[in-house]
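Trainee:
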Amino acid sequence: VYRQAGIPVPRDLWGQMQSGPRVRPQDLEPGDLVFFQNTYQPGLSHSGLYIGGGRMINAVDYGRGVAVSNIWDSYWGPRYVGATRPW
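Residue numbering for the sequence shown follows my numbering, beginning at 17 and increasing consecutively.
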């Protein structure tokens, strides 16, 4: 999404987290990158694109592809690490 908008963002999670200022949960805006830990592996392991209303677009798995998920639900909420705004 960012590449199509002409904004360079690294492909790796650590690079993405460093690609812009950190954003507090109460200040999230559509387009922010949100990060999660301890999903399919220990440590930083997943990211999504915040779309507003506590929701994100994220790659789920090969079978389901991309989904809209609530970042504060019982799965994602406890794994939330933070957000950044690379634009």
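Glycine included, every Cβ here is placed at the ideal spot set by N, Cα and C.
1. According to DSSP, which residues form a beta bridge with L65?
2. Could you compute how far the alpha carbon of G47 sits from the alpha carbon of T100?
3. Using alpha carbons as the reference points, say which of D89, T55, F51, N86 lies closest to D77.
4. Using C-beta distances below 6 angstroms, list every residue in its chain close to H62, excluding the 5 sequence neighbours before and after it, in chain order.
5. What do you reckon, are the CB atoms on I87 and V39 nearer than 8 angstroms?
Mentor: Inspection of the coordinates gives the following:
1. L49, I73
2. 9 angstroms
3. T55
4. F52, T55
5. no
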